[in-house]
Amino acid sequence: MALSFSIIAIGVLALIFGLVLGYASIRFKVESDPLVDQIDEILPQTQCGQCGHPGCRPYAEGIANGEDINKCPPGGEATIKKLADLMGVEPKPLDDAHGEEDVKKVAFIREDECIGCTKCIQACPVDAILGAAKQMHTVITDECTGCDLCVDPCPVDCIDMVPLTQTTASWKWDFSDSPRGDIPVKMVS
Amino acid sequence: MVPSYEDIIERLNSHKLWDFPGGVHPDDKKTLSNTSGIQRVALPDLFTLPLRQHVGMEGGCIVDVGDRVKKGQPLTQSTNPYAVPVHAPSSGEVVAIAPHVIAHPSGLTEMCISIRPDGEDSWTELAPMADYRAYEKSELIEAICNAGISGLGGAGFPTHIKTSSSKPVEFLIINGIECEPYITADDRLMREYAWQIRQGIDILTHLVGPKAIVIAVEDNKPEAIEALRLACQDKTDYRIVPVETKYPAGGEKQLIQIITGREVPRNGLPADIGILMFNVGTAYAIADAIISGKPLIERVVTLTGEAAGQPCNVWARLGTPVGHLLDHAEYQPEKQRAPRVIMGGPMMGFALADLNIPIVKITNCLLVPGKRELADDDVERPCIRCSECADACPASLLPQQLFWHAKAKEHDKVQEYNLFDCIECGACAYVCPSEIPLVHYYRQAKSAIRLERDERNKAEKARLRFEARKARLEQEKREREERHRKAKEARMAASENKGSTGSKDKVAAALARAKAKKQSQQSAGTASQPPEDKKAQVAAAVARAKAKKATRQSDTSLPSEPDAAPSEGSDDKQEKVAAAIARAKAKKAQRDSPEQQDVTSPLSDESPQADEDDKKQRVAAAVARAKAKKQAREASLEESADSSDERADNQSSTSDKDARIAAAVARAKAKKAQRDMPRQSNEHSARDEAAKQENTAEDEKRQRIAAAVAKAKAKKAARNTDSENE
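The listed protein sequences derive, respectively, from chains A and B.
Take any residue in the first sequence, note its place counting from 1, add 547, and you have its number in my numbering.
Take any residue in the second sequence, note its place counting from 1, add 4, and you have its number in my numbering.
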């Protein structure tokens, strides 16, 4: 009697837990691999393709599947460190085969020379170039990721990659490049 | 645990206040500059006004180089609620709109408007609202915004944003603390312009409707307190509260803590806990803007330090170069180890890179320290973990930990230690025995974290844009494929329909071909009349021969019957057989010949065969003649049609209408000719047909060539007319 009772009790419990788990698996279903999302968040989203993938997310998928983490020149060392942290691997120096870390740049179209071929517009991965056929094109600097992909297609070579100029908003309190230093917050009395 | 309104009022009535943790008591050095009244300064040679003078957005420039501006005329404009305009500090001419080094520790440039004053200093038209109670609150707030007023205490938060807060306000606190050493601008302002400050408080009270009004002044400014008491003596609800001198009591959060015992939440605003705070300078500016209609174009600036010959307070127009004011204070760089001008106080200020940097709305002090006034920069020694800084911190942070992690660039750790609660007051650095510029490290860490966050936001935006583009391209591809599929389907459907219409087309084409053939025969007839005649003659000859044969047959058969009778006796049977055969043959011949005649002309049916054949011949000849005539006529018509085409070609200059008419006429004629032709062909003899058919292949070819040439001509004509029409 006691045996059958305990079997029934355990059976009922198993059923309840099964139902709860089954419901949870539907209700809290995760659509995509969260690891890929996390990696994608770390990558700089320049969509430059220097890693050999067509965009950052494919590279994130590649990393999730065991690819090297040192193929992202725009992200540079900081990104490699973060990826190493996330993936639990040793950080390695940037793979030179994919390019070198450089200062942040944005594309600039010399507008007098632009012939309006729209080739750069088609090349831009983030739609940061504005223009129409036979009309002058221009780069929306705020949206440009500096991926370099528009430079090659230009038939008249009128696109330059210009380093971003420092503004008061992007200044990092680094007095080494400003004429005056911070003041000591110390008074001699 | 948050003190209630009643508790706070009770404590205020009994002159008991709360306190904030930490704080320092530096030598205030205020007597250097607070002994003389606020002075007026001569106009500088050039004003330089940064488009952005406060936190928030900059406005768009609404003047051009070469424009003449009046004193108080707005120079920028924006629809952004966080932007306030900048005004011309004096009348003059806009001489440049260009990047200029600005009052920022980086010494970087920002867009500035340069104005050369004409010396007249004439005001633009002002719109005072002296009877401010008669106006809507929104109008007053708009006027405050349009006067370009942003907080004059330090951060420069746009004042109209604060005043339009929808949250209920319990305490309106007017900040007259001015806790930082050396600075006496607010002190002098309160002493000399207490009445205007009171008017400003009146306007603010009208706008925000607080339950209690507190004017807080540090107890080291007894004259200012007295002046304000005098100005507010008829207003019993204005509490003038002396506050114990301690740095940084003038900080917004610290003063709120002192007066009310409440703490502003980390990511919140004072309005969230029912408090609004304004600087006395802001109150003065509001009074100026509403009562006199004057926008914010000048402020009080303290010029002090041991390197200044005449430390004082001055009314400085915004945009005045720092050097111009220092000249007024008789700045002597030789009294310093190295030329060094600090904007702001010694605790929170920063050294300027250039003496052309202009005064902005938040500039309250220019400090030129003497040789032994402030310590040297580069004497930082290692942290000895003495925890003096933690004791001094007014925000109860752990400065040594922050320093540690900030130096190691461990940005997540510094955030764990609440770096962003740091008000950068400098109390920790002031007490540090190792003279570590702690605040500098915090600022670096803060800006690095901010930039990282910006970059992440930008990356996120780039990702979204990239994905949007990918989605768009895919959709376009899908649409294109869909379109292609549809076009293909349409093509298929069309070709299926063509199965039915196509057969019709084929029939029509065959008819056309047949017609063309006939026409070609006709035209061939015109072209080769002699052979046609020959043919006719041949046909006639054949017909003749046949007729002859037929007559011969009938001749032989007809006499054979009478012959048979006389020879009946000799060989009756044979003769009978022969006669029967002859009869049969004759019958057959007769049967044959009427058939032929039926084809040629049914009329000649009943006539005797010989006559019939003659007639036939004649008829055939007549038909041939008639045909030839008609062909000749048709040929001439065709020629005329051609010539009309040519004429159209030649005269295409006239208009394509003519050409079209000509073409239509030609078409009609051709049609008529075709219509005639079948009639003729009905009349043709079968033999003629047969004879003609030999020539058809050749004729058809010729006809086709002609048609092609005609088509080409027509096209050319059409093109010509088209081009001429164009």
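By construction, the Cβ of each residue, glycine as well, lies at the ideal position given by its N, Cα and C atoms.
- A449 (chain B) sits away from A412 (chain B), with the two beta carbons spaced by 7 Å or more.
- For K719 (chain A), at least one C-beta of chain B is nearer than 7 Å to its own C-beta.
- Identification of chain B residues near D674 (chain A) by a Cβ-Cβ cut-off of 7 Å yields R469, R473, ordered along the chain.
- Nearest neighbour of C316 (chain B) by Cα position, chosen from B:L300, B:I229, B:C183, B:A333, turns out to be B:A333.
- Cα atoms of V636 (chain A) and L582 (chain A): separation of roughly 14 Å, rounded to the nearest angstrom.
- Going by C-alpha positions, E146 (chain B) is about 7 Å away from H164 (chain B).
- For the 7 Å CB-CB criterion, I177 (chain B) and V218 (chain B) form a contact.
- Contact note: E222 (chain B) does not reach chain A at a C-beta cutoff of 8 Å; the least C-beta distance is about 18 Å.
- Residue-level contact check: H104 (chain B) does not touch chain A, since none of the beta carbons of chain A fall below 7 Å from its beta carbon.
- Spanning the alpha carbons of T249 (chain B) and R657 (chain A) requires a straight line of approximately 60 Å.
- Closest in alpha carbon position to W718 (chain A), among B:A452, B:Y288, B:R15, B:D49, is B:A452.
- Within chain B, the residues K462, K465, A466, R469 have their CB atoms less than 9 Å from the CB of E690 (chain A), given in chain order.
- The Cβ of H108 (chain B) sits closer than 7 Å to at least one Cβ of chain A.
- In the DSSP annotation of this structure, the continuous segment of the beta strand (DSSP E) that includes K652 (chain A) starts and ends at 652–656.
- The DSSP-derived three-state label of D206 (chain B) is helix.
- Under the Cβ criterion (8 Å, minimum of three pairs), the region 224–233 of chain B does not count as touching the region 343–362 of chain B.
- Contact with chain A is found for A452 (chain B), since one of that chain's Cβ atoms lies less than 7 Å from the residue's Cβ.
- In the three-state reduction of the DSSP assignment, R120 (chain B) falls in the strand class.
- Under the DSSP assignment, T52 (chain B) falls in the beta strand (DSSP E) whose first and last residues are 51–54.
- Sorting B:L144, B:L280, B:G374, B:I148 by C-alpha distance to the C-alpha of A289 (chain B) places B:I148 at the top.
- In this structure, the beta-carbon distance from P672 (chain A) to F470 (chain B) falls below 7 Å.
- Rounded to the nearest whole angstrom, the C-alpha separation of S18 (chain B) and P325 (chain B) is 47 Å.
- For G558 (chain A), the enclosing alpha helix (DSSP H) covers residues 549–574.
- The C-beta separation of G96 (chain B) from V73 (chain B) comes to about 6 Å, placing the pair in contact by the 8 Å criterion.
- Per DSSP, N179 (chain B) is one residue of the beta strand (DSSP E) stretching across 175–180.
- Between the C-alpha atoms of G663 (chain A) and Q597 (chain A) there is a straight-line separation of about 27 Å.
- DSSP lists A:F655 as the bridge partner or partners of D707 (chain A).
- Ranking B:M281, B:Y242, B:A235, B:L208 by CA distance to the CA of K257 (chain B) puts B:M281 first.
- Under the 8 Å Cβ criterion, the region 82–99 of chain B counts as touching the region 45–65 of chain B, having at least three qualifying pairs.
- For Q448 (chain B), the residues of chain A that pass the 9 Å Cβ criterion are K719, W720, D721, in the order they occur in the chain.
- Per DSSP, G96 (chain B) is one residue of the beta strand (DSSP E) stretching across 96–105.
- Look at R72 (chain B) here: in three-state DSSP terms it is strand.
- Taking 7 Å as the CB threshold, Q594 (chain A) lines the interface with chain B.
- With its beta carbon less than 7 Å from one in chain A, L112 (chain B) belongs to the interface.
- Under the Cβ distance rule, P621 (chain A) does not count among the residues neighbouring chain B, no pair being separated by less than 7 Å.
- Among the residues of chain B, none has a CB under 8 Å from the CB of P700 (chain A); the nearest is roughly 16 Å distant.
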